[in-house]
Amino acid sequence: MSEPNSDMRLLIEEIAKALVDESDKVSVQPVEEEEGTVLELRVAPGDLGKVIGKQGRTARSMRTLLSAASMKLKKRYTLDIVEEE
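This note's numbering puts the sequence shown at residues 84 to 168.
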């Protein structure tokens, strides 16, 4: 059986890669915290708007999918979209 963290990481990574122009710049890092796991999504600066979407709709949809999948695993996952300096 595969590791739940890697399954969730791959889910977010595949969704993000389908949305952006520079798919090789997509990375997702799981960060363990007390309340659960935070998945930090990083994309190329020019692709940031694509993963956030109009009024944050795309990001909200990704979080909804993550939430639904994490309920099945009985573990809390949250998504942070990290803007590179």
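Quick reminder that beta carbons are idealized off the backbone N, C-alpha and C, glycines included.
Quick check on Glu-116: does DSSP put it in helix, strand or coil? What you label residue 116 is simply residue 33 of the sequence shown in a count that begins at 1. The answer is strand: DSSP assigns Glu-116 an E or B state.
In or out: Ala-151 buried (at least 16 other Cβ within 10 Å) or exposed? Start at 1 with the first residue of the sequence shown, and residue 151 comes out as number 68. Label assigned to Ala-151: exposed.
Under 8 Å, do Gly-119 and Arg-159 count as touching if we go by C-beta distance? By one-based count along the sequence shown, residue 119 stands at place 36. By one-based count along the sequence shown, residue 159 stands at place 76. Gly-119 places its beta carbon less than 8 Å from that of Arg-159.
Could you spell out where the alpha helix (DSSP H) holding Asp-90 opens and where it closes? Residue mapping note: residue 90 aligns to position 7 of the sequence shown, counting from 1. Per DSSP, Asp-90 belongs to the alpha helix (DSSP H) from 87-102.
Between the alpha carbons of Glu-86 and Val-114, how many angstroms are there, rounded? As a working note, residue 86 is residue 3 in the sequence shown. As a working note, residue 114 is residue 31 in the sequence shown. Answer to the nearest angstrom: the Cα atoms are 14 Å apart.
How would you write the range of the beta strand (DSSP E) that Val-165 sits in, first residue to last? The sequence position of residue 165 within the sequence shown is 82, counting from 1. Unbroken beta strand (DSSP E) run through Val-165: 160-165.
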